[in-house]
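Okay, structure first, notes after.
2 protein chains.
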Amino acid sequence: MPQKRTAFFVSDRTGITAEMLGHSLLTQFDAARFQEVTLPFVDSVEKAQAVVKQINERAAEDGARPIVISTLVNTEIASVVGSANCLFLDCFDIFISPLEQELAVKASHAIGRSHSMADFVNYHHRIESVNYALSHDDGIATRDLGQADIILIGVSRCGKTPTCLYLAMQYGVQAANYPLIPEDFSAMQLPAQLKPLKRRLYGLTIRPERLQQIRNERRPGSRYATLANCVFEVREAEALMQQEGIPYLDATSKSVEELATTILHEAKLVRRIY
Amino acid sequence: MPQKRTAFFVSDRTGITAEMLGHSLLTQFDAARFQEVTLPFVDSVEKAQAVVKQINERAAEDGARPIVISTLVNTEIASVVGSANCLFLDCFDIFISPLEQELAVKASHAIGRSHSMADFVNYHHRIESVNYALSHDDGIATRDLGQADIILIGVSRCGKTPTCLYLAMQYGVQAANYPLIPEDFSAMQLPAQLKPLKRRLYGLTIRPERLQQIRNERRPGSRYATLANCVFEVREAEALMQQEGIPYLDATSKSVEELATTILHEAKLVRRIY
Numbered sequence: 245m246p247q248k249r250t251a252f253f254v255s256d257r258t259g260i261t262a263e264m265l266g267h268s269l270l271t272q273f274d275a276a277r278f279q280e281v282t283l284p285f286v287d288s289v290e291k292a293q294a295v296v297k298q299i300n301e302r303a304a305e306d307g308a309r310p311i312v313i314s315t316l317v318n319t320e321i322a323s324v325v326g327s328a329n330c331l332f333l334d335c336f337d338i339f340i341s342p343l344e345q346e347l348a349v350k351a352s353h354a355i356g357r358s359h360s361m362a363d364f365v366n367y368h369h370r371i372e373s374v375n376y377a378l379s380h381d382d383g384i385a386t387r388d389l390g391q392a393d394i395i396l397i398g399v400s401r402c403g404k405t406p407t408c409l410y411l412a413m414q415y416g417v418q419a420a421n422y423p424l425i426p427e428d429f430s431a432m433q434l435p436a437q438l439k440p441l442k443r444r445l446y447g448l449t450i451r452p453e454r455l456q457q458i459r460n461e462r463r464p465g466s467r468y469a470t471l472a473n474c475v476f477e478v479r480e481a482e483a484l485m486q487q488e489g490i491p492y493l494d495a496t497s498k499s500v501e502e503l504a505t506t507i508l509h510e511a512k513l514v515r516r517i518y
Numbered sequence: 245m246p247q248k249r250t251a252f253f254v255s256d257r258t259g260i261t262a263e264m265l266g267h268s269l270l271t272q273f274d275a276a277r278f279q280e281v282t283l284p285f286v287d288s289v290e291k292a293q294a295v296v297k298q299i300n301e302r303a304a305e306d307g308a309r310p311i312v313i314s315t316l317v318n319t320e321i322a323s324v325v326g327s328a329n330c331l332f333l334d335c336f337d338i339f340i341s342p343l344e345q346e347l348a349v350k351a352s353h354a355i356g357r358s359h360s361m362a363d364f365v366n367y368h369h370r371i372e373s374v375n376y377a378l379s380h381d382d383g384i385a386t387r388d389l390g391q392a393d394i395i396l397i398g399v400s401r402c403g404k405t406p407t408c409l410y411l412a413m414q415y416g417v418q419a420a421n422y423p424l425i426p427e428d429f430s431a432m433q434l435p436a437q438l439k440p441l442k443r444r445l446y447g448l449t450i451r452p453e454r455l456q457q458i459r460n461e462r463r464p465g466s467r468y469a470t471l472a473n474c475v476f477e478v479r480e481a482e483a484l485m486q487q488e489g490i491p492y493l494d495a496t497s498k499s500v501e502e503l504a505t506t507i508l509h510e511a512k513l514v515r516r517i518y
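What follows is the structure, given as structure tokens:
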């Protein structure tokens, strides 16, 4: 029976970086069972002292000191947290020293600097692109389709919507999506609205068995969700995309992040958010 | 004139962790101008060799060796990349050793482990919650509103939609949103559908000047976008939320991540995605 351990991800901001890094580090250790706790917005010495208390209590409960992964920028706050009964892994401390040496300048240790200046611009781009994705979801608006950086196509329920939203949220890309439906397959032609935009199309496909599962949750027992229909639609959609020379990805075993990142890089899209 | 430097974020997966960590580290150094390049899906020795070539060419162009921040899990691939002419900061190498010592087990160094098993469950939760957010955006569907983990309220264009989508994407939370409109202010009552769900409501507010700006981009010159109307709506919405004891946040100078993370923690929502 492996020992129970707690991992704390501590940050003066959202904690998203600390938990992403920490979580992927911890998954490298099969033997231990971790309970993961994120503590965001630890931006004062008082809050840091409360964190120390929480870590120490957990150390006593678990009978093992917690692992603490921090992205605290302020050295005073970090040193308070680091005084707890834990293995303290401080991302800033670890990386800042070699960077200071390399660049021959001192780091500023200012909290939230990564957001402050760029924030308004990012916010604007993100809202714009989320609005764009929402108003160009599933082919609902074809006006302004020419303003899309990318238009995802594929059969209904293959993952186009979340991929568009992720492209908008994470990268500020204007992503529309347009379904391929049985009448496109009868004609073996792209929908008329998409023809002039062919170079901006990117396809998603999916294994028919997985598609059946997803559609069946949505519309149980429908013809739309039968395996036979899913096999047919996927085959025809792939044939159409091949015929038209449109690149496509299999979404079956990829996460939304992976789909969005792959499309960003393969289609050489320009991101507007960092 | 500060020296131009290139920073590469190299990963065998999406590179999102490496670029988030790397970007926030680099913003601590005002003096240098960085060009940031993300290289995702570097999952073979051949790809690593191509990366080395790219880094070395950039070193020659810049007249300074690039900074490389990597989350490569495979030690062979990492050591190829690390052989380039660069300052090589390897997150796994730096953190895995102290973790191995602490836990007294060896890390598995398996690529993509952080996604593999949990992927299907995460994918399902994310799709479900994105669908939920989309079908419960702006009060469009009140059916199933009781299934919401949280319902964001506030005046039109204060940031409810992107915050709901971020809660869905990042945390798998079922988030609905519902606008507060002038007729709610005349009655000084919550919309009827929301009354039985009061404990699940969370408000967003915004500075009227910022709201005016946003609304004016959307509907230039409309009464809806006048400062007077924005001042009125924001004041009334805040009064209503105070009267009803509904917690709320000022979205004016917060990023979408910060809003979502704050609400997650303050409302003690249970996340379904890690």
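First to last, the sequence lines map onto chains G and R. For what it's worth, the working numbering labels the leading residue of the first sequence as 245, then goes sequentially. For what it's worth, the working numbering labels the leading residue of the second sequence as 245, then goes sequentially. Ideal Cβ placement from N, Cα and C applies to all residues, glycine included.
{"Query": "Compute the beta-carbon to beta-carbon distance between L441/R and I395/R, rounded to the nearest angstrom, for a pair I have assumed lies under 8 Å.", "Result": "6 Å"}
{"Query": "DSSP puts I313/R in a beta bridge; with which residues?", "Result": "F253/R and L333/R"}
{"Query": "Check the Cβ-Cβ distances between D274/G and every residue of chain R, and say whether any is below 8 Å.", "Result": "yes"}
{"Query": "For a cutoff of 8 Å on Cβ pairs, would you count M245/G as touching chain R?", "Result": "For M245/G, the predicted model reports a pLDDT of 45, less than 50, meaning its position is unreliable and no value from the coordinates is stated."}
{"Query": "Quick check: V289/G and E320/G, are their CB atoms within less than 8 Å of each other?", "Result": "yes"}
{"Query": "Could you work out which residues of chain G lie near F253/R, taking near to mean beta carbons separated by less than 8 Å?", "Result": "Result: empty, since nearest Cβ-Cβ is about 11 Å, beyond 8 Å."}
{"Query": "Can you tell me whether S499/R is buried or exposed? The criterion is at least 16 other CB atoms within 10 Å of its CB, across all chains shown.", "Result": "buried"}
{"Query": "Considering Cα atoms alone, identify which of L283/G, G398/G and I490/G is closest to I212/G.", "Result": "Not covered by the structure: residue 212/G. The range shown for chain G is 245 to 518."}
{"Query": "Find the residues of chain G that neighbour Y376/R, judging by a C-beta separation of less than 7 Å, and give them in chain order.", "Result": "What Y376/R touches in chain G: nothing, since even the nearest Cβ is about 12 Å away."}
{"Query": "Please classify R249/R as buried or exposed, where buried requires at least 16 other C-beta atoms within 10 Å of its C-beta.", "Result": "buried"}
{"Query": "Taking only beta-carbon positions, decide if T315/G is within less than 8 Å of chain R.", "Result": "yes"}
{"Query": "Return yes when the Cβ of L343/G is within less than 8 Å of the Cβ of L269/R, no when it is not.", "Result": "yes"}
{"Query": "Is it buried or exposed for R277/G, if we count other Cβ within 10 angstroms and need 16 for buried?", "Result": "exposed"}
{"Query": "Name the chain G residues that come within less than 8 Å of Y422/R, Cβ to Cβ?", "Result": "None at all; the shortest Cβ gap to chain G is about 16 Å."}
{"Query": "Using a Cβ-Cβ cutoff of less than 8 Å, which residues in the same chain neighbour L331/G once the five nearest sequence positions on both sides are dropped?", "Result": "R309, P310, I311 and V312"}
{"Query": "Note down, in chain order, every chain G residue with its Cβ under 8 Å from the Cβ of N366/R.", "Result": "S499"}
{"Query": "By how many angstroms is the C-alpha of A469/R removed from the C-alpha of R463/R?", "Result": "7 Å"}
{"Query": "Would the beta-carbon of L448/G fall within 8 Å of that of G398/G?", "Result": "yes"}
{"Query": "In angstroms with no decimal places, state the Cα-to-Cα distance between V417/R and R454/G.", "Result": "23 Å"}
{"Query": "Could you tell me the distance, in whole angstroms, from the CA atom of I384/R to the CA atom of H369/G?", "Result": "25 Å"}
{"Query": "Can you give me the C-alpha to C-alpha distance between Q298/R and V324/R, rounded to a whole angstrom?", "Result": "13 Å"}
{"Query": "Please state whether DSSP places Q391/G in a helix, a strand or coil.", "Result": "helix"}
{"Query": "Given this structure, state the Cα-to-Cα distance separating G465/R from L471/R, to the nearest angstrom.", "Result": "11 Å"}
{"Query": "Strictly under 8 Å for the Cβ-Cβ distance: is R277/G near chain R by that measure?", "Result": "no"}
{"Query": "Bridge partners of P491/G, per DSSP?", "Result": "Bridge partners of P491/G: none, in fact."}
{"Query": "Only counting runs of 3 or more residues, tell me where the beta strand (DSSP E) segments fall wholly within the region 440-481 of chain G, in order along the chain.", "Result": "445-449"}
{"Query": "Would you mind telling me which residues of chain G sit closer than 9 Å to Y468/R, beta carbon to beta carbon, in chain order?", "Result": "The contacting residues do not exist; Y468/R stays about 16 Å from chain G at best."}
{"Query": "For the region 255-271 of chain G and the region 260-274 of chain R, state whether three or more C-beta atom pairs, one from each stretch, are separated by less than 8 Å.", "Result": "yes"}
{"Query": "Please go through the same chain and pick out, in chain order, the residues whose beta-carbon is closer than 7 Å to the beta-carbon of I458/R, but skip the five residues on each side of it.", "Result": "R401"}
{"Query": "Nearest-angstrom Cα distance between L316/G and N375/R?", "Result": "35 Å"}
{"Query": "Among F285/R, A392/R, A495/R and E372/R, which has the Cα closest to the Cα of T505/G?", "Result": "F285/R"}
{"Query": "Taking just the CA atoms, how far does R451/G sit from V478/G?", "Result": "8 Å"}
{"Query": "Flag this pair as yes or no: are the beta carbons of N522/G and D381/G separated by less than 8 Å?", "Result": "A query on residue 522/G cannot be resolved here, the shown segment of chain G reaching from 245 to 518 and no further."}
{"Query": "Within 8 Å (strictly less), CB to CB, does I260/R reach chain G?", "Result": "yes"}
{"Query": "For A483/R, count the other beta carbons within 10 Å of its own beta carbon; 16 or more makes it buried, fewer makes it exposed. Which is it?", "Result": "exposed"}
{"Query": "To which residues does DSSP link R277/G through a beta bridge?", "Result": "K248/G"}
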